[in-house]
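Protein chains in written order, with the working numbering: chain A, 1 to 367; chain B, 368 to 641. Ideal placement from N, C-alpha and C gives every residue a C-beta, glycine not left out. Quick notes on the structure that follows.
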């Protein structure tokens, strides 16, 4: 069998005739060229059609465009941070434990994928909009809820901190570490009161002023977080499942608390999956259009993110300006692809090294 | 195993509790609010909102265009995956990574550039429009941009299956006298069906909900190039919230239903193979 005569190390039975091979390759390259390469080149060609100076002015000379870039740089990272925290929590629960409803939870994580972005935006309008469920209250005296929200948030964070820092070893638990329930209840009430009362007495929040969620930055963040909700969790669950629990169990038996366990064992193990999830989620968050289109009030310079700015310039027949913004987002997309290639390569190297190590240790044990 | 983990590893209650909380606040409660709002409509009002001629045309176009685009994706995705796995050619790695571009490229950018390419003065339109092929502001344009958006799904689901295919099957098939086409048709293709269906389903689901890309290329003419999400936005801009919600509920239910249908087809084909 002269497998070397066949390209790509395939067997003779797998080798198609030269003409089939060439024909199919050319057809596939044509498809990729027409659908992907030509549009990609066209973005930059159109953006730079009138020269670099015009391009620069379109991006940074136009106040509203510049504001849209800044807004995107606020909205996307915030939504991303929310989803990273959720992704890690969900992956930890789903990959390391079994519990009733595990399959349902995994399926529900994918739910936003099947919701049209426009519908995603609409549901937030239905809640926070003027005709929505909490909209009228927010408009009348929205800031009245702020002290309670902040106090609740502070209480929740302190509970998380307590749970994370509590030693796993029974011997290491002294004093209040030994009484989780009473500590949590009392501590929660204490933190809630400490944060709440000064706000009420010092009157830090305005009265009778409306708090804008929809048609303002918080709504944009909510809509973006909804659309990009599954990305980090979906990347992390298989990675965490593959890593298993042995190392974490060993760390616990050596007395690590939750905080140490997370940063010293879990994070290094899921690092690549996490980074990959983050860049993918970020690309979608920066480029989200449908959902933010609905919740943005389209106030130029205030609630227009970059994709919305593209649409507005397009409607104004300002194609060079539109393509200039589009070219920035295309660069982000290209950087995302590049990062993916680099991560795949790092992963392959790591896997090969791990495989060599196992073979080496296997040889050692047999000899 | 599980109960042991739960006693030893920290953070079960914490992580599960937080996940369920965040999922509820961001996803489940808002979706429930949408259904709740729709349920406050009388049946007549609901029916009147979702079953107008304009809405029916929009549903037909939304699901029809997504179906056609996903079918095209199934064929082209199989072709690209096949070529990427089987044949050597220059810049293969580059082509392989470019296939992922539609996942990373904002849909608004895709819509913008597709609309610019197929107008009479565009790079492709200057050749196509004289031939009578109108790729901008037509239904064809909608299908084209949906094909772009959905392309990676089929390639990325079929590619790993094709890579892991046992080469001995093709040896056996060839030694039994099958031609390459027969081998492909009767040996390889049936093994790829589940992956093809999954990829088709993902591309279809994406196409049904797509708004950003379509709004640029379609021209948004009622009855002709108006998809359901565009109709929802149009209703919202008229401040007809109830009608928008009713149409949104129809769209939600239909996309959940098609997702379930595709999942069961996938399960059926997988079981069928075994």
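Distance, residue j Cα to residue i Cα
i: residue 36/A; j: residue 354/A; result: 36 Å
i: residue 540/B; j: residue 557/B; result: 14 Å
i: residue 201/A; j: residue 77/A; result: 34 Å
i: residue 330/A; j: residue 487/B; result: 24 Å
i: residue 48/A; j: residue 320/A; result: 8 Å
i: residue 408/B; j: residue 401/B; result: 12 Å
i: residue 463/B; j: residue 337/A; result: 10 Å
i: residue 550/B; j: residue 537/B; result: 7 Å
i: residue 641/B; j: residue 278/A; result: Below a pLDDT of 50, predicted positions are generally treated as unreliable, and residue 641/B, at 46, falls in that range; the measurement from the model is reported next regardless. So the alpha carbons of these two residues sit roughly 37 Å apart.
i: residue 377/B; j: residue 564/B; result: 40 Å
i: residue 8/A; j: residue 530/B; result: Confidence is the limiting factor: at residue 8/A the pLDDT is only 48, short of 50, which leaves the residue's position unreliable, though a coordinate-based value still follows. Cα to Cα, residue 8/A sits roughly 12 Å from residue 530/B.
i: residue 545/B; j: residue 567/B; result: 29 Å
i: residue 166/A; j: residue 103/A; result: 29 Å
i: residue 280/A; j: residue 233/A; result: 12 Å
i: residue 626/B; j: residue 528/B; result: 22 Å
i: residue 173/A; j: residue 380/B; result: 19 Å
i: residue 316/A; j: residue 490/B; result: 22 Å
i: residue 46/A; j: residue 139/A; result: 43 Å
i: residue 569/B; j: residue 514/B; result: 12 Å
i: residue 307/A; j: residue 282/A; result: 14 Å
i: residue 6/A; j: residue 481/B; result: Low confidence applies to residue 6/A: its pLDDT is 45, below 50, so where it sits in the model is not reliable enough to give any reading.
i: residue 327/A; j: residue 454/B; result: 33 Å
i: residue 182/A; j: residue 189/A; result: 11 Å
i: residue 611/B; j: residue 64/A; result: 30 Å
i: residue 110/A; j: residue 177/A; result: 37 Å
i: residue 634/B; j: residue 86/A; result: 29 Å
i: residue 324/A; j: residue 52/A; result: 10 Å
i: residue 3/A; j: residue 517/B; result: Reliability fails at residue 3/A, whose pLDDT of 39 lies under 50, so the model's placement of it is uncertain and no value is given.
i: residue 132/A; j: residue 357/A; result: 60 Å
Proximal residues of chain A, C-beta to C-beta of residue i below 9 Å
i: residue 579/B; result: 117, 287, 288, 289, 290, 293, 307, 311
i: residue 608/B; result: 122, 125, 126, 129, 131, 132
i: residue 585/B; result: In chain order: nothing, as chain A lies at least about 13 Å away.
i: residue 381/B; result: 89, 92, 93, 159, 160, 163, 164, 258
Distance cut-off 8 Å: residue i Cβ against heavy atoms of the ligand COA
i: residue 444/B; result: Questions concerning the ligand COA fall outside what the structure shown contains, since it holds no ligand whatsoever.
Neighbour list for residue i in chain A, Cβ cutoff strictly below 7 Å
i: residue 615/B; result: 119, 122
i: residue 471/B; result: 283, 333, 336, 337
i: residue 426/B; result: Neighbours of residue 426/B on chain A: none; closest Cβ ~12 Å, over 7 Å.
i: residue 487/B; result: Here the premise fails: no neighbours, minimum Cβ distance about 14 Å.
i: residue 515/B; result: 35
i: residue 409/B; result: In chain order: nothing, as chain A lies at least about 17 Å away.
i: residue 611/B; result: 122
i: residue 373/B; result: 97
6 Å Cβ shell around residue i - same chain, five flanking residues per side excluded
i: residue 519/B; result: 466, 467, 469, 470
i: residue 586/B; result: 504, 592
i: residue 554/B; result: 536, 540
i: residue 628/B; result: none
i: residue 205/A; result: 143, 146
i: residue 475/B; result: 579
i: residue 418/A; result: One cannot answer for residue 418/A here, as it falls past the ends of chain A, which runs 1 to 367.
7 Å Cβ cut-off: residues of chain B touching residue i
i: residue 112/A; result: 394
i: residue 43/A; result: 476, 480
i: residue 21/A; result: 454
Sequence-distant residues of the same chain with beta carbon closer than 8 Å to residue i, five excluded per side
i: residue 369/A; result: Residue 369/A lies beyond the stretch modelled for chain A, which goes from 1 to 367, so this question has no answer here.
i: residue 590/B; result: 420, 421, 424
i: residue 644/B; result: What is shown of chain B runs 368 to 641, which leaves residue 644/B out entirely.
i: residue 38/A; result: none
Partners in chain A for residue i, counting only beta-carbon separations shorter than 8 Å
i: residue 437/B; result: Within 8 Å Cβ-Cβ: nothing; residue 437/B doesn't reach chain A, min ~14 Å.
Under 8 Å from the C-beta of residue i: neighbouring residues of chain B
i: residue 39/A; result: 477, 480, 481, 484, 515
Nonlocal neighbours in the same chain, by C-beta distance under 7 Å from residue i, ignoring five residues either side
i: residue 492/B; result: 484, 485, 486, 502, 503
i: residue 447/B; result: 466, 522
i: residue 368/B; result: Residue placement at residue 368/B is poorly supported in this model, since its pLDDT is 45, which falls under 50; the coordinates still yield a value, given next. Once the five neighbours on either side are set aside, residue 368/B has no close Cβ partner at all.
i: residue 148/A; result: 196
i: residue 227/A; result: 112, 117, 120, 284, 288, 291
Beta carbon proximity, residue i to chain C, threshold 9 Å
i: residue 509/B; result: This model lacks chain C altogether; the protein chains it does include are A and B.
(message) Taking beta-carbon pairs under 7 Å, can you tell me which members of the stretch 621 to 634 of chain B lie near chain A?
(response) 622, 623, 626
(request) Write down every uninterrupted run of the alpha helix (DSSP H) in the stretch 152 to 214 of chain A whose length is 4 residues or greater and which is fully enclosed by it, in chain order. (result) 180 to 202
(message) Residues of the stretch 456 to 468 of chain B in Cβ contact with chain A at a cutoff of 8 Å, in chain order, please.
(response) 456, 460, 462, 464, 465, 466, 467, 468
(request) Note down, one range per segment and in chain order, each alpha helix (DSSP H) of at least 4 residues found wholly within the stretch 262 to 306 of chain A. (result) 267 to 287, 290 to 295
(message) At a CB distance below 9 Å, what residues from the stretch 557 to 571 of chain B approach chain A? Give them in sequence order.
(response) 569
(request) Determine which residues of the stretch 527 to 553 of chain B have a Cβ less than 7 Å from any Cβ of chain A, and write them out in chain order. (result) 534, 537, 538, 541, 547
(request) May I have a chain-ordered list of the alpha helix (DSSP H) segments no shorter than 4 residues that lie completely inside the stretch 559 to 599 of chain B? (result) 579 to 584
(message) Closer than 9 Å between beta carbons: that is the criterion. Which residues of the stretch 261 to 274 of chain A meet it against chain B?
(response) 261, 262
(message) Going residue by residue through the stretch 485 to 557 of chain B, where are the continuous alpha helix (DSSP H) segments of at least 4 residues, counting only ones entirely within it?
(response) 492 to 495, 506 to 530, 534 to 542, 547 to 550
(request) Output, in sequence order along the chain, the residues in the stretch 587 to 598 of chain B whose CB is closer than 9 Å to any CB in chain A. (result) 595, 596, 597
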